[in-house]
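The next block holds one structure in the form of structure tokens; read it before the comments.
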Amino acid sequence: MLVSSDKLSSDPMNVVDWVNMFALAVNEENAAGGRVVTAPTNGACGIVPAVLAYYDHFIEPVTPDTWIRYFLASGAIGVLYKMNASISGAEVGCQGEVGVACSMAAAGLAEIMGAAPEQVCIAAEIGMEHNLGLTCDPVAGQVQVPCIERNAIASVKAINATRMAMRRTSAPRVSLDKVIETMYETGKDMNAKYRETSRGGLAIKVQCD
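Under the UniProt record's numbering, the first residue of the sequence shown carries the number 1, and numbering increases by one thereafter.
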């Protein structure tokens, strides 16, 4: 539909539709039992590739140097969460999966957009700050609802985080270190119903046919 519709081609928000599609495609592949890359988990696997696809389609074509820098930056941020907090929805809720992926993608995009290292960290921080408290409540225990759409939303959020980080002129009030620490503490305080057990939230409100 995106390719064939003239009306959509003139829509200034058309890029958002494409980013959504990039993320949804990866997560649908995961839901169908296909092969995906954990980034940092299968439930959040659509965000990092969707943001890179956005760059490839709407900024400039990626080169080997581009994707190496993108994955090194995003991977380094992921390692910080893995070492100092958690990337497990069962331990800290979806903030540890989709939140971390959003943070990783924002950092990677900032790097290939030419951001300074400080701006890369700011982008990563923004990507997580606005996912704090995100619950993991998969309907029927499947990585489908709300996981698939959540990847699309977080992909757009990661792009926005990068843009905000690269345009700010003041020093950030919240550091990446502090947001990682806060995410972990928030996750530990989270009721077990909202940590991948499917015993609360949407998991008990949405019935599967």
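For every residue, glycine included, the Cβ atom is placed at its ideal position computed from N, Cα and C. These figures come from a predicted structure and were not determined experimentally.
query: Pull up the distance between the alpha-carbon of Thr186 and that of Val92, whole angstroms please.; result: 7 angstroms
query: Which of the three DSSP states is assigned to Arg69 in this structure?; result: helix
query: What is the rounded straight-line gap between the Cα of Gly96 and the Cα of Val145?; result: 17 angstroms
query: Specify, as a first and last residue, the run of the alpha helix (DSSP H) that Tyr55 falls within.; result: 47-58
query: Using a Cβ-Cβ cut-off of 6 angstroms (strictly less than) and excluding sequence neighbours within five positions of Ala154, which residues of its own chain qualify?; result: Ile47, Val98, Cys102
query: In the DSSP assignment, find the alpha helix (DSSP H) that holds Ile159 and state where it starts and stops.; result: 147-167
query: Quick test of the definition: if touching needs 3 or more C-beta pairs under 8 angstroms, does the stretch 160-168 touch the stretch 113-120?; result: yes
query: Restricting to Cα atoms, I'd like to know which of Ala124, Gln142, Gly201, Asn131 is closest to Ser175.; result: Ala124
query: Going by CA-CA distance only, name the one from Val19, Pro12, Asp11 that's closest to Ile159.; result: Val19
query: Over the uninterrupted alpha helix (DSSP H) stretch that includes Leu202, give me the two end residues.; result: 202-205
query: In three-state terms, what does DSSP make of Cys136?; result: strand
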